[in-house]
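Scroll down for the structure; my scribbles are underneath it.
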Ligand code: SAM
């Protein structure tokens with residue numbers, strides 16, 4: 001089984017200097033990372049229990065609540081009572097960087113506009129210490145109920161759940177939130193595995209174009225729901241510039257009061273957003289957005305921290 005040829009060719013154009021060294025990363029599973037959930041259990045006790053259960057824990061240097069175990073221990077981890085009762089949550093490391101970049105604080109009003117299954121909502125509730133207001137939005141019925149169950153299991157008490165299309169939220173709730181997380185639906189390229197055909201089954205260049213349209217509408221809605229002075233984190237797990245830099249570039253054209261804030265992530269495997277794709281050159285400010293490069297510990301990701309001027 002191989003990655004789609006058109007994807008490999010595009011990946012080579014996105015990372016001309018690194019594609020050959022990055023492509024083998026799609027061939028092997030990574031260690032399984034997870035987050036301790038302080039809303040549900042004492043961190044130290046959770047760690048002691050995991051050790052007693054026989055897990056080989058590796059800490060993550062840049063985040064005290066994050067750990068990983070070898071891939072072979074994944075099934076055992078999902079069978080642990082700690083997983084079942086929400087004391088730990090399995091989440092990729094790059095995905096944890098999004099809430100850390102947005103920095104939601106206790107007492108703030110926060111919106112997660114594309115929230116299921118809830119990894120980032122759970123982490124934001126933990127960063128907010130369950131104080132404030134967290135609106136979570138998901139239109140898919142099955143995914144909505146999974147989100148609701150995950151947040152309940154994770155001890156989140158500040159969540160307000162809405163089964164609705166994120167594109168409608170800005171008009172319904174203008175200027176309501178201090179912080180907005182838009183972890184947008186995308187072509188999921190960063191999750192591709194050459195040994196698992198399910199991961200690439202729905203990928204096509206047409207899908208990228210469809211996603212880019214949806215992402216732009218969601219971004220406009222997310223932005224509208226922000227208070228002046230508020231910040232918005234736009235994220236995707238795609239490498240496609242159409243879903244990343246081009247969306248931010250188009251939004252900069254449309255939204256005069258939007259700023260792109262610099263992002264200082266605590267990891268070395270990053271690159272600034274691309275300055276061009278094909279014949280299209282992007283606004284200079286797009287260079288403040290960040291591409292997380294895939295490595296042996298984490299998947300690729302794209303992050304843009306945006307602010308509505310006050
Ligand atoms: N933030 C989630 C987490 O960390 O667990 C993952 C979100 S996933 C990348 C994107 C989500 O957006 C999917 O659950 C998908 O169903 C949802 N979605 C798709 N179309 C949407 C829309 N129009 N409005 C809001 N969410 C949408």
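Residue numbers (this note's numbering): 1 to 310. We put the CB at the ideal spot given by N, CA and C, even for glycine.
Rounded straight-line distance, which links the Cα of residue j to that of residue i
i	j	result
residue 249	residue 54	48 Å
residue 166	residue 306	18 Å
residue 273	residue 110	26 Å
residue 131	residue 52	33 Å
residue 108	residue 9	44 Å
residue 124	residue 99	6 Å
residue 94	residue 293	9 Å
residue 39	residue 141	26 Å
residue 251	residue 12	26 Å
residue 66	residue 96	9 Å
residue 126	residue 279	43 Å
residue 299	residue 60	15 Å
residue 213	residue 228	25 Å
residue 90	residue 259	33 Å
residue 247	residue 301	15 Å
residue 35	residue 286	30 Å
residue 257	residue 57	45 Å
residue 114	residue 145	13 Å
residue 92	residue 254	33 Å
residue 30	residue 282	33 Å
residue 71	residue 309	44 Å
Residue i Cβ short of 8 Å to the ligand SAM heavy atom set
i	result
residue 118	yes
residue 27	no
residue 121	yes
residue 256	no
residue 65	no
residue 300	no
residue 173	no
residue 114	yes
residue 189	no
residue 143	yes
residue 167	yes
residue 183	yes
residue 91	yes
residue 218	yes
residue 32	no
residue 210	no
residue 104	no
residue 110	no
residue 214	yes
residue 95	yes
residue 290	no
residue 140	yes
residue 137	yes
For residue i, the first and last residue of its enclosing beta strand (DSSP E)
i	result
residue 59	58-60
residue 195	Run containing residue 195: none; DSSP gives neither H nor E here.
residue 2	Note, residue 2: premise wrong, no beta strand (DSSP E); not H, not E.
residue 162	159-162
residue 179	177-183
residue 169	It is not in any beta strand (DSSP E) - residue 169 instead sits in the alpha helix (DSSP H) that spans 169-172.
residue 96	First-last for residue 96: 93-102, but that is the alpha helix (DSSP H), not the beta strand (DSSP E).
residue 303	301-308
residue 19	Premise fails: residue 19 lies in the alpha helix (DSSP H), 19-22, not in any beta strand (DSSP E).
residue 88	88-90
Sub-9 Å separation of residue i and residue j beta-carbons
i	j	result
residue 157	residue 139	no
residue 190	residue 211	no
residue 303	residue 218	no
residue 69	residue 32	yes
residue 116	residue 143	yes
residue 135	residue 171	no
residue 102	residue 231	yes
residue 266	residue 63	yes
residue 173	residue 225	yes
residue 3	residue 200	yes
residue 209	residue 242	yes
residue 6	residue 245	no
residue 159	residue 87	no
residue 296	residue 77	no
residue 188	residue 237	yes
Proximity test, Cβ basis, 9 Å: residue i and chain D
i	result
residue 77	Among the protein chains of the structure shown there is no chain D, as only one such chain exists.
Segment limits, alpha helix (DSSP H) that includes residue i
i	result
residue 248	245-254
residue 75	74-79
residue 144	141-153
residue 211	205-224
residue 43	43-52
residue 40	It is not in any alpha helix (DSSP H) - residue 40 carries neither H nor E in the DSSP assignment.
residue 124	119-127
**OP:** State whether the stretch 194-211 contacts the stretch 140-159, with contact taken as three or more CB pairs (one from each stretch) at a distance under 8 Å.
**Re:** Contact between the stretch 194-211 and the stretch 140-159 is absent: fewer than 3 CB-CB pairs across the two stretches fall below 8 Å.
Original post:
Does the stretch 168-184 come close enough to the stretch 73-85 that 3 or more CB-CB pairs lie under 8 Å?
Top reply: no
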